[in-house]
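**Student:** Have a look at the structure that comes next, please.
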Amino acid sequence: SSGFDFGTYHTLEEIFQEMDNLAEQYPDLVSKLQIGYSFEKRPINVLKFSTGGNKPAIWLDAGIHAREWVSHATALWTANQIASDYGKDPSITALLDTMDIFLLPVTNPDGYVFSHTENRMWRKTRSTISGSLCVGVDPNRNWDAGFGGPGSSDNPCSDSYHGPSANSEVEVKSIVDFVKSHGEIKAFITLHSYSQLLMYPYGYKCTVSKDFNELNEVAQIAAEAVTSLYGTTYEVGPICSIIYQASGGSIDWTYDYGIKYSFAFELRDTGHYGFLLPVNQILPTAEETWQGLKKIMEHVRDNPY
Amino acid sequence: QKTFIGDQVLEITPRNEEQVKNLRQLETEAHLQLDFWRPLRTAGEKVHVRIPFSRLQAVKIFLESHDIPYSIMIEDVQVLLDKENEEMLFHRRKER
């Protein structure tokens, strides 16, 4: 009803406005909460989907790497889909009758604004580091999971700079604090782009997790569901073996913290556009990703722990 | 706004471990300002690298002299960015 076009890229202000619109449009299901401020004091806004009470929850986030615009766009489309499917789609209805969903469409708001206004290729946060002219930390190397280990850089000018200490980035710490204070997050799913991967822990080490078999099975099913819509093929596996060893990543921390169902998506780029995916591919990307997300969320719902 | 006029994204496929080693060497050369979009892993797997216009010639000569196969994935990054901007403006007008 807001006339918002989910099939294009939007500024941070437009995204925040649409989050407000969704909360207004579905007042009994959707609310907006702020879990912190970014380094440059922008709000870190989360949408909560809840039918009431304090239920175990699923966490979804997007855009921890600023330039991966299709992930923000997909998250927003997903928010609208969750809200509009409740009461219509039996699977989503059953899910939201059992669990809450928290969705953070712009995990790195400073970086996102910078990628719109200054440098489209910006990936990191915008925090300053004393003694360095270079700006920003890779927020997906800043979590307390093998922090500072292989696959992260100690050079502040590098795009994979891990930061001065684990959780030094307020954008990361805000999520960590939220997850800890909530206490009942049962799944943590993060959206990236672009190489068509569905990954699970570990990234900071190359050994398999104790839940490898189950996570692999769920991920395979989810990837097949993604493929079913437009034929987009996904590779599935632990981060270390299907990309490279990367320390300080979000899903490694959540998994070690006790959130068994921790997954990372790398959304599509079937046309070789990299981070510059044309807007006409946003909706197909979101639609196919939704198929995979639903499979994971259904498994989480049906396998409480 | 930073422009990316003439910057290219190359798809490079190292054939063997020796070529992977050469590419790792390239990766460490900070002055080249290479931006690895799709990371370097092992031989036979594609790597995507954005190369600033001013460094294109040097990088291509390096690849060719080491016989490392590559193709141009994005001819001019700025052209895609301009298109992206146009599309965003078009959709914004449509929304209004």
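Line by line, the protein sequences are chains A and B. Position one of the first sequence corresponds to residue 1 (the working numbering), numbered consecutively onward. Position one of the second sequence corresponds to residue 1 (the working numbering), numbered consecutively onward. Glycine included, each C-beta is placed from N, C-alpha and C at the ideal position.
Between Gln281(A) and Ser228(A), what straight-line distance do the alpha-carbon atoms span, to the nearest angstrom?
**Tutor:** Cα to Cα, the separation comes out at about 16 angstroms.
**Student:** Considering only C-alpha positions, which residue in the set Phe212(A), Glu224(A), Asp211(A) is nearest to Gln196(A)?
**Tutor:** If we check each option's Cα against that of Gln196(A), Glu224(A) comes out closest.
**Student:** Tell me which residue opens and which closes the beta strand (DSSP E) that Leu32(B) is part of.
**Tutor:** Run containing Leu32(B): none; DSSP gives neither H nor E here.
**Student:** Along the region 22-44 of chain B, where does the CB come closer than 7 angstroms to a CB of chain A? Name the residues.
**Tutor:** Taking 7 angstroms as the Cβ-Cβ cut-off against chain A, the residues of the region 22-44 of chain B that qualify are Asp35, Trp37, Arg38, Pro39, Arg41.
**Student:** Taking the beta strand (DSSP E) that Asp144(A) falls in, what are its first and last residues?
**Tutor:** Unbroken run through Asp144(A): none, as it is neither H nor E.
**Student:** Quick check: Pro105(A) and Ala62(A), are their CB atoms within less than 7 angstroms of each other?
**Tutor:** Contact flag set, yes.
**Student:** Using the Cβ count rule (16 or more neighbours within 10 Å means buried), how would you classify Thr128(A)?
**Tutor:** Exposed is the call here.
**Student:** Along chain A, in chain order, which residues have C-beta atoms closer than 9 angstroms to that of Ile74(B)?
**Tutor:** Within 9 angstroms Cβ-Cβ: His272, Tyr273, Gly274, Leu276.
**Student:** Near Tyr244(A), what residues of its chain come up, given a Cβ to Cβ distance below 7 angstroms and the 5 sequence neighbours on each side ignored?
**Tutor:** The residues are Gly151.
**Student:** What residues of chain B sit near Tyr244(A), judged by a beta carbon separation below 7 angstroms?
**Tutor:** Pro39, Arg41, listed in chain order.
**Student:** Please tell me whether Asp252(A) has its Cβ less than 7 angstroms away from any Cβ of chain B.
**Tutor:** Answer no: the Cβ-Cβ gap between Asp252(A) and chain B never drops below 7 angstroms.
**Student:** Please identify, using Cβ separations under 8 angstroms, the residues of the region 110-135 of chain A that lie next to chain B, in order along the chain.
**Tutor:** Cβ contacts with chain B come from Thr117, Glu118, Asn119, Arg120, Met121.
**Student:** For Glu29(B), is the classification buried or exposed, using 16 other Cβ atoms within 10 angstroms of its Cβ as the cut-off for buried?
**Tutor:** By the 10 Å Cβ count, Glu29(B) comes out exposed.
**Student:** Anything in chain B within Cβ reach of Val279(A), meaning under 8 angstroms, just list it in chain order.
**Tutor:** Residues of chain B passing the Cβ test: Glu84, Glu87, Met88, His91.
**Student:** If we call anything under 7 angstroms between Cβ atoms a contact, is Ala222(A) one with Tyr200(A)?
**Tutor:** In this structure, Tyr200(A) does not lie closer than 7 angstroms to Ala222(A) by Cβ.
**Student:** Let me check understanding here. Comparing Cα to Cα, which of Gly249(A), Gly7(A), Asp154(A) lies closest to Ala286(A)?
**Tutor:** When only C-alpha atoms are compared, the closest one is Gly7(A).
**Student:** Are the C-beta of Lys2(B) and some C-beta of chain A separated by less than 7 angstroms?
**Tutor:** Yes - at least one Cβ of chain A is within 7 angstroms of the one on Lys2(B).
**Student:** To which residues of the same chain is Ile64(A) closer than 6 angstroms at the C-beta, ignoring the five residues directly before and after it?
**Tutor:** Correct list, in chain order: Thr107, Asn108, Pro139, Asn140.
**Student:** Could you pull out every residue in the same chain whose Cβ sits closer than 8 angstroms to the Cβ of His162(A), ignoring the five residues on either side in sequence?
**Tutor:** Around His162(A): Val137, Asp138, Arg141, Asn142, Phe147, Gly148, Ser152, Ser153, Asp154, Ser247, Gly248.
**Student:** Straight-line CA distance for Arg50(B) to Gln78(B)?
**Tutor:** Computed Cα separation, rounded: 12 angstroms.
**Student:** Which same chain residues end up closer than 6 angstroms to Glu203(A) when comparing Cβ atoms and leaving out the 5 residues on each side of it in sequence?
**Tutor:** For the sequence presented, residue 203(A) should be read as Gly rather than Glu. Cβ neighbours of Gly203(A) beyond the five flanking positions: Ile239, Cys240, Ala246, Gly249, Asp252.
**Student:** Can you give the beta carbon distance from Thr51(A) to Leu103(A), rounded, assuming they're within the 8 angstroms contact cut?
**Tutor:** Their Cβ separation, rounded to whole angstroms, is 15 angstroms, which puts Thr51(A) and Leu103(A) out of contact at 8 angstroms.
**Student:** Chain A beta carbons: is any one of them nearer than 7 angstroms to that of Leu81(B)?
**Tutor:** With 7 angstroms as the cut-off, Leu81(B) counts as an interface residue toward chain A.
**Student:** So with CB distances below 8 angstroms, who are the chain A contacts of Lys94(B)?
**Tutor:** Within 8 angstroms Cβ-Cβ: Asp5.
**Student:** Residue range of the beta strand (DSSP E) that Arg301(A) falls in?
**Tutor:** First-last for Arg301(A): 282-302, but that is the alpha helix (DSSP H), not the beta strand (DSSP E).
**Student:** From this set, His72(A), Trp69(A), Lys48(A), which residue's C-alpha is nearest Ile82(A)'s C-alpha?
**Tutor:** Ranking His72(A), Trp69(A), Lys48(A) by Cα distance to Ile82(A) puts Lys48(A) first.
**Student:** Pull the bridge partners of Ser31(A) from the DSSP assignment, please.
**Tutor:** Ser31(A) is bridged to Lys48(A).
**Student:** Using the Cα positions of Tyr311(A) and Leu191(A), report the straight-line distance between them to the nearest angstrom.
**Tutor:** What the structure shows of chain A is the stretch from 1 to 305, and residue 311(A) is not part of that stretch, so it cannot be assessed.
**Student:** Just to confirm my understanding: we take Met121(A), look at its own chain, exclude 5 residues before and 5 after, and list those with CB closer than 8 angstroms. What are they?
**Tutor:** Taken in chain order, the residues that qualify are Arg67, Ser115, Phe275.
**Student:** For Met73(B) and Leu40(B), what's the separation of their Cα atoms in angstroms?
**Tutor:** Their backbone Cα atoms lie some 16 angstroms apart in a straight line.
**Student:** Let me see if you follow: with CB-CB separation under 7 angstroms, is Thr8(A) close to chain B or not?
**Tutor:** Closer than 7 angstroms to some Cβ of chain B, the Cβ of Thr8(A) qualifies, so yes.
**Student:** Using 8 angstroms as the threshold, is the region 1-13 of chain B in touch with the region 45-63 of chain B, meaning 3 or more CB pairs across them?
**Tutor:** Yes, the region 1-13 of chain B is in contact with the region 45-63 of chain B.
**Student:** Going by DSSP, what residues sit across from Trp59(A) in a beta bridge?
**Tutor:** DSSP lists Phe102(A), Phe188(A) as partners of Trp59(A).
**Student:** Between Ser241(A) and chain B, is there a C-beta pair that is closer than 7 angstroms?
**Tutor:** Cβ-Cβ to chain B under 7 angstroms: no for Ser241(A).
**Student:** Across which residues does DSSP place Gly36(A) in a beta bridge pair?
**Tutor:** DSSP output for Gly36(A) lists Ile44(A) as bridge partner(s).
**Student:** When you compare each of Pro304(A), Val226(A), Ile296(A) to Thr289(A) by their alpha carbons, which one comes out closest?
**Tutor:** That would be Val226(A), whose Cα lies nearest to the Cα of Thr289(A).
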